[in-house]
Every structure is written in C-alpha cells, then in structure tokens.
Amino acid sequence: MSDDNKPEEIMFAQALNMAMNKAMADDPKVILLGEDIADKQGGGVFKVTAGLSAQYGTERVRSTPISEQAIVGAAVGSALVGYKPVAEIMLMNFITVAMDQLVNHAAKLRFMSGGQTSVPLTIRTTTGAGTGLGGQHSDMLEAWLAHVPGLKVVAASNPADAYGLLYSSIMDDNPVVFIENTPGYFVKGPAPAPDHTVPLGKASVPREGTDISLITYGSGVSRCHAAAEKLAADGVSAEIVDLRTIAPWDEETVFTSVAKTKAAVVVHEAVKSFGTGAEISSRIHEELFSDLKAAVGRVGSGYAPVPFSPTIEKAWMFNDDDVVREAKKILG
Amino acid sequence: MSDDNKPEEIMFAQALNMAMNKAMADDPKVILLGEDIADKQGGGVFKVTAGLSAQYGTERVRSTPISEQAIVGAAVGSALVGYKPVAEIMLMNFITVAMDQLVNHAAKLRFMSGGQTSVPLTIRTTTGAGTGLGGQHSDMLEAWLAHVPGLKVVAASNPADAYGLLYSSIMDDNPVVFIENTPGYFVKGPAPAPDHTVPLGKASVPREGTDISLITYGSGVSRCHAAAEKLAADGVSAEIVDLRTIAPWDEETVFTSVAKTKAAVVVHEAVKSFGTGAEISSRIHEELFSDLKAAVGRVGSGYAPVPFSPTIEKAWMFNDDDVVREAKKILG
Amino acid sequence: MANTDMADKDVLTDIFTRADLIMQSDIKFRQMIGAGQLQIVYYPVRGQEVVSAAMMAAVNQDDYLVTIYRGLHDQLAKGIPSKDLWAEFAGKVTGTCKGKGGPMHITHPETGVMVTTGIVGSGLPIANGLALASQLEKDGKVTVCCFGDGATNIGAFHEALNMAQIWKLPVIFLCQNNLYGEHTAMAESTSSETIKQRGEGLGVRSVRVNGNDASEMYAAAKEAVEFARAGSGPTLIEAMTFRYHGHLLGDTSHYIPEAEMEQAKKDDPMPILRQQLLDLQISEADIAAIEKKNADIIEEASQFALDSDYPPGEEYRIDVLDVEIAA
Amino acid sequence: MANTDMADKDVLTDIFTRADLIMQSDIKFRQMIGAGQLQIVYYPVRGQEVVSAAMMAAVNQDDYLVTIYRGLHDQLAKGIPSKDLWAEFAGKVTGTCKGKGGPMHITHPETGVMVTTGIVGSGLPIANGLALASQLEKDGKVTVCCFGDGATNIGAFHEALNMAQIWKLPVIFLCQNNLYGEHTAMAESTSSETIKQRGEGLGVRSVRVNGNDASEMYAAAKEAVEFARAGSGPTLIEAMTFRYHGHLLGDTSHYIPEAEMEQAKKDDPMPILRQQLLDLQISEADIAAIEKKNADIIEEASQFALDSDYPPGEEYRIDVLDVEIAA
Ligand SMILES: Cc1ncc(C[n+]2csc(CCOP(=O)(O)OP(=O)(O)O)c2C)c(N)n1
Ligand SMILES: Cc1ncc(C[n+]2csc(CCOP(=O)(O)OP(=O)(O)O)c2C)c(N)n1
Ligand SMILES: [Mg+2]
Ligand SMILES: [Mg+2]
C-alpha cells in the first residue's frame, strides 16, 4: 500500500512478476523455464517475466525451444533433485502436448517412488476466451488436471491473491498447475504487501450474503460479483466463495457457506458438462442434501469449441446474466 | 447364436475383432493403424486385430512406429478426406502424448471449418487396473475426453455390446474414443448375431429393479451386477443402467430409471473426484431433486495413482462392496 | 544452395501474380487493423510471399495443403477466393468457415486447404494422414505441409518425418525458415546448423533453397512434387526467407539485430521478382495490370468482409457434432 | 564401429561382476515366474548385460540414471542392492518404493536411480532436468538416460536431444539398440539407417558401438562421461545389442527370423566376456568366486522378496501429496 489513503493498484501481470521475483530472491533453487521468457526475447509474450532474467541471469531464467515436453521434462527432472522450477506453458491448450510429463510423471513420481522423491514444480499457463484467438488458444482445461491425483490446481481472481498464490505454489512441495487468465492480465486490483501470503487449499469469501452461495474461481469471480450486484438489486443476497485452489479444494469453506444459504450455484468459464462444477455440485449434494432449498445450479460455457467470431463467442461463453438466471431459477 | 439351446459364447477380444472385420468388409474406407497390429507383429499385443492384415492386407492394416502423435495425426488427416481410420493407442495412458491431435484437432476441425470437413475416426484404447501394471498403464481417463465438445466416448460391458458399439463407432461421422478394459479382454459373453447393432448414445438396462438405480459403464457393470445380487439378498431391488456411450450420454434412460427408483449411485473405475460420476450425479440432482430419497451416491477409485502391489491396488480400487455400502447408505 | 536456371516467363508471371496478391493483401490487412477497421490478431506474411507463391504454382488446386496461423500467403497462393478468406478473417458468416474458425483455422476444401492450425508442429502428422489417403486412393495428389523453423524443435515434426519416410507418403514438408520463432532466434533454440540436416538425419530427401528466389524455389518445389507423385516419398524443403513485420502485428522486432533486418530488407523478394519479370521483357504495363487486378480483388474482398454480417450467436451449437446440440 | 583397445583387467572384472549379477538375476526371475513363485509382468534383459555393466562402470554411484521398464540390468549395474530391488519387483513393503511402484517404476536415489518409466521416450526430457540441475549446481554429476531403438521414433526423443545440445547439458543418451521395439523390427519402423545418424542430424555428438563388447562399450561410455563432465554437452551412444527372450516374458519372438536369432546367440556377450577374463589370466577359480558371490546375493534377495510382507492396503493414501489423503 502506498502512503496516501487510496490503496496502490497493480495489474495481474505485475503481481505475478512480483511473486516470481520474491521467490527467486528468497530461494536460489527457483528457476524459470519457458518460450521467450528471458528479456532478450521480450520477457514473455505477455511480459509476465519481464526483468527477471536481467535480475537473476539467463542461467536461472531460460528461454526454451518450442518443445513443451522438453520444458515440462526439464522441470520434472530438476524438481526431483531439489530445484523449484517454474515452467511457463504459454497457453493452456499447449499442455496437450505435455500431458504425459505432467500426468504420468510429475503427478505420480512421489507415489511411485514410495515417497523417496518429490516433484515441487509449478506450471504457469494462461488461457481464457474473449481474446478472439479462437478454438485452439482459449480452452479452460482445469477439470482434467483436478482429476489427476497428485496435482494441485490453482487459479487467482485478483492481483493480490495471484501474488500470494503463485508464491505459495512455487514453494509448495507438490506439483502445481497455476492457471492465469489472458484477458485478465491487465485488470488492476489493490497491491499486496510484499509479505502478503495466501495458502493453497483455502477458499475466500469476498462477498457475504444469506440467500445463495455462488461458488467460483478465476475469471468466474468477477462475473459472480456482477451477478451479485444484479441480484442485490432484486433483493437477493448472494455470497461469493472464491475457491482459489481448485484441487484439492476447500470443502469446509464451501459447505459452511452453503449450510448457511441453503442454495448454491457453481460457476466457471470452462465448458459446463463434465467440468469442475460437477464435482463441487455433487459434493454439496452429498453433504447437505436435506438442507438445500433446491438442487445446486451450475453455470459454465457451452458444449462447443471456443468460437472465433465475437457474436458466437459471446453466445457460447458464460456470463453474469447466466449466473443471475440460474440463481433465480433455484430460488424459485 | 448356435443351433443348440445354449447360446454360443465369445470373448470380448473376439467381439472387437469381429466388429472391425465386418466394418472392413462393409466399407473399403475403413483402415487400421497402430503399434504391432498387423499379423507379422502378432496381430496386436492383445491379439485384438489378429488375422485382419492377412485378410485385408498391410495397406489397410498398418503397424506403425512408436509415435502416437503421428498415429492419431494420420487418422485425423485420412478421416478429413473420407477414410474411416481406426487407430489403436495401445494403452490409455499413452493418449497423454497424443492429446493435442485428439483434442485440438480431431474434436474441433468440424466446428472450426464451419462444417466443411468432418473427422470420422475411431481411437481404440485399453486400460484398467487389476493387471499389476502399476501407475502408468492402468488409468481411466474418460472424464477428460467427455469434457471435450466434439468427441464421443464409448465403453462396452459385454462382448455383444462391444461388437455393436465398435461397429457403430467406426461408422459414426464424429471422432469416437472407444475404451476397452484390459482385464476384461478374455471375459466371455453371448455371441452377437452378425447383424447385431447397438446405436451410440443409447443406454441399456441390463437389470430392472425398483429401489435404487446403479448407473455405470464398462468395467463397472459387472461390479454392479455383483452388488445387485448382494443387495437382492438383503431385500433391495437394484436396477442397473449401462450407459454404453459415456459422452454424450443417454439422459433420458437415466432419468427414467431414477424417476422410478428415486435413488441412485453412479459407479465407475476411474478416480472418483472430478470423474464422470460427478456430471451424472449433478444432472440427476438438477432434474429430479425433489423426487430423490437422498443425494445421489458415487463410487469410484481412490485419490492416488494406480498402485502396483496387489494389496494396495485392491484397497484403492472400486469394488462391488463399495457399491453395496453406498446403496445402503443412501437407502438409510 | 542449388544453382538453378531461371524459370520460364509464364511460370514467373504466375508466381508474381500470386505473390503480389499476397503482398498487397498483407499491406491492406495491416492498414485496416491499424485504422481500427478490423480487430484481429494478425500474423504478417510480408517477406514470405515468394516461398508459397512458387510452391503453390508447382501443385494443382486439388492437391492438399496444411498450413499454420501465419498462413495468409499459403492460403492465397493455393487459390482460396479473397472474398471468402477476408470474410473469415473478419469473423463473418460469409467466410470460408462461417466465422467459426477465424484466421488461425482456415479450411477450404475446394482449393485443397484442409487444415490451418495454431498449434506449432501439429500440422505435420495430419498432412501424413492426407497423404496416406492419397496413397491408398491412388489419386495422384500430393500434400504440402507448411511450418516454420521453430516448429522443427517439437516432437510432432520428428514423428511425422519418420512415418512419412517409412511409408513413402506423397507429402512435402515445407519449412519456411524465417530464422525466428516468435522472439527467439533460430540459433538460440535449434541444435543443428540447418533444418535440412534434421531431415537427412531421419533419412528423408532434404533440400535447402533460397525461398525468396522464385526460380530456385519453384525448381525445388517441382522436383519434390514429381518425387512424391512418383511414389518415391516425402521431401523436406528448407526454404530460407524472412518476415519483416514481426511475429504478430504490434511486435517491434526488437530482438532482430538492426544490421540483419537491414540486409533482409535489401533482399526483399518482391522487388527482385518484379525486376526479373521486366528483365524477361514483360512490360511495365503488363505488370501494372496484374497489380491493378490484384488491388481490385482486395478492394472488393475487404469491402465484402466489412459489409457482411456476423453469424448468429446460436451458431455455436451447430457443427460440434454431426447433429445440432440442444440449447 | 570403433576399434578400441581392450580395457584393463580391473575394469573388465568390474564389468563382468556387474554383468554376471544381471544375467543370473534375469535367469532367476524367469525361473521363479515360470514356477509361479512370482506373478509379475517381466521384461527380460538377457543379452543386454554388458551394455549397462560397462556404462555404469564408467560413472559414479552419485551420478544419475533414468531408465525404462526393461531396466533390471541398468538398475543392478548402477548398484541398487539386490534385496531392495527384488522386494520391489515382488510388490513388497520392503522394496525400494514400498511396493507402490513395481518393476516398471524403480527409484533409488542413494544409487542415483532417479526415474524408471513405462512410457516410451519420456525419460529423456526428465534426464535433461537432472542434468540441468547438475549444471546449475556445478556438482560435476552426469546423467545417464537409457532407452531403446523404438523410442527414437517418438517426439520426446527429438525434443530432448535438441534441448540438451543447445544447453550443453551433462547427459548421456544411451540407446540400447536391440533391433526390435516390441514385435516390430527397427527397419520397419525407423526411417534412418542408424540411430547415430539421428543424433548427428540434431548436432549432437553421436557414436555407434558394439554394446556387447565390454571394452568398446566402456571406452565409449568413458569418453562420453568425460565430455559431459568437461561441460561440452551431451552424447548419444547407440549401443548395438540384442534381447534373447522377447519383449516380455511369454513372448515367443516369432517375429525374429531364425537365422538372426541364431547368429545373435552366437554373439552372446556373456561367454565372450568371460573368455576375455580368462585370456587376461584371471583364473577360473576367481571367476567362479564372483559367480558364486552373485548367486548368493540373488539367493538371499529372492528369498527376502518372497518372505517380505505386502504393504497394508491403506498405504495408497500416503505419498500422493506431501500430506496423507483422508480416507
Ligand atoms: C505447441 C505450441 N507451443 C507454442 C506455441 C506458441 N507459438 C505460436 S507461433 C510460435 C513460433 C513458431 O515459430 P516458427 O515455427 O518459426 O514459425 P513462424 O511463426 O516463424 O512462421 C510459438 C512459439 C504454439 N502455438 N504451439
Ligand atoms: C508412449 C508409449 N507408446 C507405446 C508403449 C508400449 N510399448 C512399451 S515398450 C515398447 C517397445 C519399445 O521398444 P524399444 O524402445 O526398442 O525398447 P526395448 O523394449 O526394445 O528395450 C512399446 C511400444 C509405451 N510404453 N509408451
Ligand atoms: Mg520462424
Ligand atoms: Mg528395442
């Protein structure tokens, strides 16, 4: 925070950069790998790693070839012997070429070795529709990763959380996939204090309410805030739960909220069917069935690849009005 | 069926072989690709394609290098121009190296081309725990695929269905992933008539009951039959719904069953959390909430990679007793 | 590099006609985006016109093409009508793909353009599949697969070349080596001196040419096409070229040394090719007529793109599967 | 192939000691499985003993190893105590990985065995990561990465060699070329004549040796290790060898022409190496003592494996994450 009364604001991309900077300063074992991430190559296509190679050298901040399997493999191998690599997979769709390294190796080596080794790597990747990049550059694939035992999955909804969560992810002794939101890189929010921390596995409740719980994460949080405003105008008091860690997620905070409101909608940008919302909805039913006013609702994007044309993309994509509609449906 | 009264029985592997044989005989555009699938290489590591290269030639039945991206890519490309390739990915874990071809291309090209092209390929792959192959050869990853718009996902629970469903998958104009069960290859069941068909998207009800619906597919079906027997002994009448097509799944048959029994357990071998059971459970709640006696239950395997040692594998893996326990919990 | 004779007049005129359409289209796209008339992510092709113009002049319209996000030059050279292409770039319902694919995902089967992909390297395995179909079909078609130098560092490149070679598939892997992958110089990401060397390591017939020289590029293309049609298998063509306007529009090329950029601009293939036509006694008037015709095509196409409608939102439920998805 | 001088007495004795332990272990595993005492999927290593014995004799215990499902020879040669290894193969709680990994997933950091993988080709990118750590740490370690000929057709091979070369990583890619990948002959799946050629295509220092000749293999290994430790970068060693008992136990090798198998058996590296010791005036009694000692180790280890307990079922909730998973 700056000295005057208005809190200083920073962008998401800056917060991420600060988190990596702090991690690299705190621990010489933190290294960065990724395409074009060093300053000579521009400090990352979205400039998230700008300045870090200048500060820590290109031994620790390495621009790589276009070889996602080799990138994640290098992270796995160095993590096995004490490094804390942060590998950038430029866009989330590109993890499709590195799923073997992530799923069969990063997530499993601790277990298969009987706990002799661990894989404390972090994969940073960005995605999200609304940028006009079309079908192969916008997918939200967190449901795949959440289904893989041994992987943690994290998504932040504001710069301060991004700072705290990315730092925690890097320092965590498990493999973590940290999902960023491309259109959100330039969104501002209050700056975190340098020692600000956010633990993995703990959800937050950025808005309290009494009538219905909106459970979400990442790009869903701003949609839920917008929806909550609209609902408030209609006399409905919505509480927002921001999961922050998608897997393993904070059941306690979610159940506490829904036990109070007795109604819930799970909201995410990913395609609705077989998305993470299904697991959260199921668990709420399993724990709180008889308390619920109605079945838990879900909001997600449509059953289609991300469309290019803005009209179709908009119709396909989840938005705050979908949340309002679903909440009202539930509340009858 | 043979002439005497006892129906002829065949193994799963045989049924699959017969389905491919029929498809190749019916349509010269059907071709097979995969590692070691031609007879010179043994007709497939599980002999599922045995004899087909002898019958149709090695132009149409091609053993490939160990190159899963190239295998699926060859299937995508040939499918774009009228072929109906059936590509074998030897074990399901190996799709992790070919997810880009499957997800970013096979599933999306119809949409991204505005319907100008289609990708009528079939990926056959096998998996399943219980074979002592450990962490990298047994995963059930159908939830990933079901979450991808544009992909169909199919799993059969008996040889006759396998025959009908694989034939339908090959002839379907959409990309289909057909999941086989390794320990089930040598399980026998009644032989299908040569003209036996099973449409995609239609579930079956192999056992009728009135008290609870067990909704499952693939290797879950035999577990549910065993559980239903045990439940029957305790006076509980369980109905079994075999989805057969996991995505898009037959909501109508499921909802009809649960509307009758007013209770349900979704059962699958895959890791429970964020598995396909979550989607099915959520949809049942969304449609039938006020009819239900209790929350829909779920049975799946534990949150861990597939363990090697038989004791841990057994403790980790779903089984019929888990289904019985979950059903009884629901029925109070 | 090969020492080739000059291609004949008609061929060079054909190549120039295609290349000029590409160059003018690229300029127009950059203008319109700069002016805010179009809001799209655009991968400029200025500098690489001759590579694809010469390549596509050596194949037939029904031969197949697989290309990448930086694909405008390949798509135009292969013959996609400008109106359809412009409308798709603009996301309009009149576009090749009804606005669903966009610039990174152009398909146009009538001109053989089967796939445009945004995933580096992933086109190569698919190109094999098209070539496999042709081999089985005995239809005599070849498949041209375009990609960049950076793409040769990804696994799919390796797998595809191996498979194409053992099966002797009629496919031409055209590596348009512009010396940069995004902001990374080839020398900093690529272990071998040349891409040709990689093809040779895989036992694939491989050549390296000045892709900016129309005659040399055309000769290499022609030879590769004949080799493929004869059933002799794939060729890897490493075509040396350059891109003048960065990875995507807005990129300042800060990572390209000034001297390198200056030299590259001196070697601009377009004025060189134009001069070659003049040297072959093609009149300035004839050349100007070609340029005018291209300008008219672009004028009409860009206007058509602007005037066309966006697709209706509900269109997203169509073409996901072979049946419409319920709302 | 290289023309190397015979390695000295001590080195050859060391290699023989390791190789004989491997050979006898392989025989014993096949016996016990055949007799129903063990129920596991087993990938025989008979025939490939000398490749890994000579390789591991050239590195230190704290150098890293990444290997594959067919890894018993590499793991023993690297020094994993037989008891721990046998117990893991048998799925017992006393095994290297508490029975969680099994034969395809052996890890044993004390002897540098960091990863054993069942996914073809996937070890190479991970080996780079270990070597990267050593490079940053300046700990002077090298990483040896073992894989087969078939693995050179998968993308990860290509990506890993490229990255290792541009970063000059201290890694040795040891391709144990037994001429078959499962049931497919190398010539039917591999576009290049040799694997060495592929390394050269990628600009990587590459050698091809008779891996069944202890001296030749050891010299190549030693050279690669020195090259890596000097910071000069990776080496690809293509070590020619053969496997006599199929891809996995039960495989009849029907796909191997009889004459080829016969010749390969004549070239069996084990009797050749034993004769070399005798030629170097190592007495029959000394050799027999080595063999006896190995036999005793194996006897004890196999009995230990049989006698040990299986892990408790609930063990599956431990080591998934750094905290125990709730029941
Ligand atoms: C698998 C994958 N990784 C990364 C990217 C991001 N990316 C898009 S283009 C590009 C550079 C490709 O360079 P090159 O192959 O030389 O082609 P050029 O753009 O120079 O034509 C990169 C890294 C991607 N699209 N796909
Ligand atoms: C990605 C992947 N594809 C396929 C397989 C199945 N598979 C296991 S071993 C093997 C053959 C490998 O041959 P090679 O690399 O020569 O090693 P070798 O077994 O001969 O030692 C295959 C195809 C696999 N494990 N992983
Ligand atoms: Mg380039
Ligand atoms: Mg081999």
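Chains as they are written, first to last, in the numbering used here: chain A, 1 to 332; chain B, 1 to 332; chain C, 1 to 327; chain D, 1 to 327. Yeah, the Cβ is synthetic: ideal placement off N, Cα and C, and Gly gets one too. Here the structure is a predicted model, which is why all the values come from computation and not from measurement.
Quiz prompt | Buried or exposed (CB count within 10 angstroms, at least 16 for buried), Ala-327 (chain D) | solution = exposed
Exercise. Kindly indicate which three-state DSSP category Asp-321 (chain B) falls into: helix, strand or coil?
Key: helix
Quiz item: Could you give the C-beta distance for Leu-174 (chain D) and Ile-237 (chain D), rounded to a whole number, given that I count them as a contact under 8 angstroms?
Solution: 5 angstroms
Practice problem: May I ask you to list, following chain order, the residues of the stretch 146–164 of chain A that have a beta carbon less than 7 angstroms from some beta carbon of chain D? | Solution: Pro-149 and Gly-150
Quiz item: Leaving out the 5 sequence neighbours to the left and right, which residues in its chain are closer than 8 angstroms to Asn-174 (chain B) when beta-carbon positions are compared?
Solution: Arg-110, Ser-118, Val-119, Pro-120, Gly-150, Leu-151 and Lys-152
Quiz item: Under the three-state reduction of DSSP, which class applies to Met-1 (chain D): helix, strand or coil?
Solution: Note that Met-1 (chain D) has pLDDT 46, beneath the 50 cutoff, so the model's placement of it is unreliable and the number below is only indicative. DSSP places Met-1 (chain D) in coil when its eight states are reduced to three.
Quiz prompt | N-terminal and C-terminal residue of the beta strand (DSSP E) that Gly-34 (chain B) is part of | solution = 30–34
Exercise. Could you confirm whether any beta carbon from chain B is found closer than 7 angstroms to the beta carbon of Met-140 (chain A)?
Key: no
Quiz item: If you measure beta-carbon to beta-carbon, which residues of the stretch 197–218 of chain D are closer than 8 angstroms to chain E?
Solution: You won't find chain E in this structure, because its protein chains are A, B, C and D.
Quiz prompt | Near-chain C residues of the stretch 43–71 of chain A (beta-carbon distance less than 9 angstroms), N- to C-terminal order | solution = Val-45, Ser-63, Thr-64, Pro-65, Ile-66, Ser-67, Glu-68, Gln-69 and Ala-70
Practice problem: Determine the DSSP secondary structure at Met-217 (chain D), reduced to helix, strand or coil. | Solution: helix
Quiz item: Do the stretch 73–90 of chain B and the stretch 174–184 of chain C make contact, defined as three or more Cβ pairs closer than 8 angstroms?
Solution: no
Quiz item: Can you find a C-beta in chain D that's less than 7 angstroms from the C-beta of Ser-237 (chain A)?
Solution: no
Quiz item: From what residue to what residue does the alpha helix (DSSP H) around Tyr-64 (chain D) run?
Solution: Here Tyr-64 (chain D) belongs to no alpha helix (DSSP H); instead the beta strand (DSSP E) covers 64–68.
Quiz item: Under a three-way DSSP split, which group does Met-6 (chain C) fall into?
Solution: coil
Exercise. Work out the CA separation of Ala-193 (chain B) and Arg-217 (chain A) for me, nearest whole Å.
Key: A small fix is needed here, since residue 217 (chain A) is Tyr in this sequence, not Arg. Near 51 angstroms, if we compare the C-alpha coordinates of Ala-193 (chain B) and Tyr-217 (chain A).
Self-check item: Any non-hydrogen atom of ligand 4 within 6 angstroms of Tyr-43 (chain D) CB
Solution: no
Quiz prompt | Rounded C-alpha distance that separates Phe-157 (chain C) from His-108 (chain D) | solution = 35 angstroms
Practice problem: Taking only the alpha-carbon atoms, compute the straight-line gap between Gly-99 (chain C) and His-183 (chain D) and give it to the nearest angstrom. | Solution: 47 angstroms
Quiz item: When the Cα atoms are used, what is the spatial distance from Gly-231 (chain C) to Tyr-64 (chain C)?
Solution: 16 angstroms
Self-check item: Near ligand 1: Asp-251 (chain C) beta-carbon under 6 angstroms from a heavy atom
Solution: no
Practice problem: Have a look at B:Val-324, B:Phe-274 and B:Lys-40 and flag the residue whose alpha-carbon is nearest the alpha-carbon of Ala-55 (chain B). | Solution: It is Gln, not Ala, that sits at residue 55 (chain B) in the sequence shown. Minimum Cα distance to Gln-55 (chain B) is reached at B:Lys-40.
Self-check item: Proximity winner among D:His-105, D:Ala-87, D:Met-114 and D:Val-93, relative to Gly-77 (chain A) (alpha-carbon distances)
Solution: D:Met-114
Quiz item: For ligand 4, which residues have a Cβ under 6 angstroms from at least one heavy atom, in chain order?
Solution: D:Gly-148, D:Asp-149, D:Gly-150, D:Asn-178, D:Tyr-180 and D:Gly-181
Quiz item: Does any residue of chain D bring its CB to less than 7 angstroms from the CB of Val-76 (chain A)?
Solution: yes
Quiz item: When you compare each of B:Glu-180, B:Ile-246, B:Gly-130 and B:Ser-113 to Ser-309 (chain A) by their alpha carbons, which one comes out closest?
Solution: B:Ser-113
Practice problem: Tell me whether the beta-carbon of Pro-65 (chain B) lies closer than 7 angstroms to the beta-carbon of Asn-153 (chain D). | Solution: yes
Exercise. Kindly identify the DSSP beta-bridge partner or partners of Lys-265 (chain D).
Key: Per DSSP, none; premise fails for Lys-265 (chain D).
Exercise. Might you give, ordered along the chain, the residues of its own chain that have their beta carbon closer than 6 angstroms to the beta carbon of Thr-116 (chain D), omitting 5 neighbours on each side?
Key: Thr-67, Gly-71, His-105 and Ile-106
Quiz item: Is it right to say Gln-303 (chain C) is buried, meaning 16 or more other beta carbons lie within 10 angstroms of its own, or is it exposed?
Solution: exposed
Practice problem: Going by CA-CA distance only, name the one from A:Ile-215, A:His-225, A:Ser-63 and A:Pro-190 that's closest to Phe-255 (chain A). | Solution: A:Ile-215
Exercise. For Tyr-421 (chain B), go through chain A and note every residue whose CB falls closer than 7 angstroms to its CB, in chain order.
Key: Because residue 421 (chain B) is not part of the residues shown, which for chain B are 1 to 332, the question remains open.
Quiz item: Can we say the stretch 294–312 of chain D touches the stretch 302–317 of chain B, given the rule of at least three CB pairs closer than 8 angstroms?
Solution: yes
Quiz item: Measuring CA to CA, which of A:Ser-237, A:Ala-227, A:Ala-162 and A:Ala-263 is closest to Gly-189 (chain A)?
Solution: A:Ala-162
Self-check item: Buried/exposed call for Phe-186 (chain B), threshold 16 Cβ in 10 Å
Solution: exposed
Quiz item: With respect to 6 angstroms, is the separation between the Cβ of Met-112 (chain B) and the closest non-hydrogen atom of ligand 1 below this value?
Solution: no
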